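Using our numbering, you'd call the opening residue of the sequence shown number 8 and step up by one each time.
Below: one structure, written as structure tokens.
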Amino acid sequence: MSKETLTREIKEIAYTVGADLVGIAPVNRFDEGPKELHPKAYMNDAQCVIVILMGIPYAIGEVWGYRVEEGVERYMDAWGQETINPKTAGPYLWLGYGLLNYELNFAAARVARFVERRGYKALPIPATGMPHRFFQMGDFSHRHAAVAAGLGELGWNRLLITPQFGAYQRLISVITNAPLAGDPMYEGPPLCDREKCGDKCMENCPVNAFVGEVSCRIGGREFRYSGLDQLKCRWAVAGLYRGTGSITHIDIPENPTRKDLAEALKKRDIRDNQMFIFGNVNFCGRCLHVCPSAKYRGW
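Given below as structure tokens:
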């Protein structure tokens, strides 16, 4: 079987189980990144990374500011914040994060089994959720892999930006030693326009976590994006601050420490804790929702 035929079959399987986009990244495109995140750190004979993308419905973000008029004065945003009677975590936390993670994991498992039935190895890396250990690099960067697979670019908000979905997507990766046909990296117009959007991601971050500037190299190209105060960001995605989709609100110190975060987590509302246990969700996501890149098809 030719590598083009195998690649086509793998993509067809991924689309059958719910993928919106699929890209293939040859492993040499990761050579200039951290060695511990290189595909060969997980599989010595890895040749490619299969990246599966599922889009988040754009209307989930447009829920922000929607008023229910049927005799009930209520104002809900994408994070489930309401002025009266909050009932759910909001559509993003469940349907744009938790559910998509489950679907992505299912899709990656199906693709991996298909690849192994063809006589090759395939290692699916779970969709990113709340890590077991804070402040460390993840097991694998699906965002960087997606860039290497030609799906898009990294925005200033550190998220993958694609022509089809803007920042509205979630990702998963499958490392394999199968000889596949790599996709070309994205070479279209810039997908993040800071001058045009006015740095909405930085302006709307509830904990001011974006700081400085960092860069990385993927496939011989340099990508620059905002640095991140990991402690402040973790405060938000842990649902410890107003405006992140949680019930809990604990004031964040100007320069939080790990001890501050640990103490705050002890005080988190039990309803927010239950969401982590049963829903596999993170809170916040404002940098995703306010990113106007999803409108590139029409703006």
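The beta-carbon is built from N, C-alpha and C at its ideal position, and this holds for glycine as well.
This structure is a prediction, so every number in the text was calculated from the model and none was measured.
Query - D38 classed as buried or exposed, judged by whether at least 16 other C-beta atoms fall within 10 angstroms - result: Start at 1 with the first residue of the sequence shown, and residue 38 comes out as number 31. That one is exposed.
**Report entry** Contact between the region 11-23 and the region 186-201 (3+ Cβ pairs under 8 angstroms)
**Finding:** Because the criterion of three Cβ pairs below 8 angstroms is met, the region 11-23 and the region 186-201 touch.
Query raised in the report: Exposed or buried, which one is G54 when buried takes at least 16 other CB atoms within 10 Å?
Result: Taking the sequence shown and counting its residues from 1, one reaches residue 54 at position 47. Position check: residue 54 holds Gln in this sequence, whereas Gly was assumed. That one is buried.
Report task. Return the CA-CA distance between D146 and M8, expressed in angstroms with no decimal places. Result -> For the purposes of this step, residue 146 is taken as residue 139 along the sequence shown, with counting starting at 1. For the purposes of this step, residue 8 is taken as residue 1 along the sequence shown, with counting starting at 1. Those two C-alpha atoms are separated by around 32 angstroms.
Query raised in the report: At what residues does the alpha helix (DSSP H) containing Q237 begin and finish?
Result: As a first step, residue 237 is located in the sequence shown; it is residue number 230 there, counting from the start. That run of the alpha helix (DSSP H) goes 237-244.
Query raised in the report: In the region 141-178, which residue ranges form an unbroken beta strand (DSSP E) of at least 3 residues, counting only runs that do not cross its ends?
Result: Runs found: none.
Query raised in the report: Assuming V57 and V118 make a contact with CB atoms under 8 angstroms, what is their CB distance in whole Å?
Result: Residue mapping note: residue 57 aligns to position 50 of the sequence shown, counting from 1. Residue mapping note: residue 118 aligns to position 111 of the sequence shown, counting from 1. According to the sequence as given, residue 57 is Ile; it is not Val. About 6 angstroms; that satisfies the 8 angstroms criterion.
**Report entry** Three or more C-beta pairs below 8 angstroms linking the region 191-201 and the region 121-132
**Finding:** Per the Cβ contact rule, the region 191-201 is not in contact with the region 121-132 (fewer than 3 Cβ pairs under 8 angstroms).
**Report entry** N92, DSSP secondary structure in three states
**Finding:** Taking the sequence shown and counting its residues from 1, the one referred to as residue 92 is at position 85. Only weak support is given to the placement of N92: the predicted model assigns it a pLDDT of 46, under 50, and the value that follows is read from those uncertain coordinates. In the structure shown, N92 sits in coil (DSSP, three-state: anything other than H, G, I, E or B).
Query raised in the report: Leaving out the 5 sequence neighbours to the left and right, which residues in its chain are closer than 6 angstroms to V244 when beta-carbon positions are compared?
Result: Taking the first residue of the sequence shown as position 1, residue 244 is located at position 237. Taken in chain order, the residues that qualify are N289, F290, C291.
Requested in this report: Assign R125 to one of three DSSP states: helix, strand, or coil.
Outcome: Your numbering for residue 125 matches position 118 in the sequence shown. R125: coil per DSSP, three-state reduction.
Query raised in the report: Applying the criterion that 16 or more other CB atoms from any shown protein chain within 10 Å of the CB defines a buried residue, is D258 buried or exposed?
Result: Mapped onto the sequence shown, residue 258 falls at position 251. D258 should be labelled exposed.
Requested in this report: Please state whether DSSP places R228 in a helix, a strand or coil.
Outcome: The residue labelled residue 228 in the question sits at position 221 within the sequence shown. R228: strand per DSSP, three-state reduction.
**Report entry** Cβ separation of S379 and N164, assumed to be a contact under 8 angstroms, to the nearest whole Å
**Finding:** Past the edges of the chain, shown from 8 to 306, lies residue 379, and the structure says nothing about it.
Report task. Could you check what DSSP says for C55 in three-state terms: helix, strand or coil? Result -> Here residue 55 corresponds to residue number 48 of the sequence shown, with the count starting at 1. The answer is strand: DSSP assigns C55 an E or B state.
Query raised in the report: First and last residue of the beta strand (DSSP E) that includes A32?
Result: In the sequence shown, the residue the question calls residue 32 occupies position 25. It spans 28-33 - the beta strand (DSSP E) in which A32 sits, taken as one unbroken run.
Query raised in the report: What residue from P64, I225, F121 has the CA that sits closest to L106's CA?
Result: Mapped onto the sequence shown, residue 106 falls at position 99. Of the listed residues, the one whose Cα sits closest to L106 is P64.
**Report entry** Supposed close pair L158, G30 - CB separation, criterion 8 angstroms
**Finding:** Along the sequence shown, one-based indexing puts residue 158 at 151. Along the sequence shown, one-based indexing puts residue 30 at 23. At roughly 5 angstroms, the Cβ-Cβ gap stays under 8 angstroms, so L158 and G30 are in contact.
Query raised in the report: When you compare each of K207, G162, S253 to Y220 by their alpha carbons, which one comes out closest?
Result: Reading the sequence shown from its first residue, position 213 is the one you call residue 220. For the record, residue 220 in the displayed sequence is Glu; it is not Tyr. By alpha-carbon distance to E220, the top candidate from K207, G162, S253 is G162.
Requested in this report: Please list, in chain order, all residues of the same chain as A26 whose beta carbon is under 7 angstroms from its beta carbon, the five residues on each side excluded.
Outcome: As a position in the sequence shown, residue 26 is number 19, starting the count at 1. So the qualifying residues of the chain are I59, L60, M61, A114.
Query raised in the report: Do the CB positions of C294 and I168 come within less than 9 angstroms of each other?
Result: Within the sequence shown, the letter at position 287 stands for residue 294. Within the sequence shown, the letter at position 161 stands for residue 168. In terms of Cβ geometry, C294 and I168 do not form a close pair [threshold 9 angstroms].
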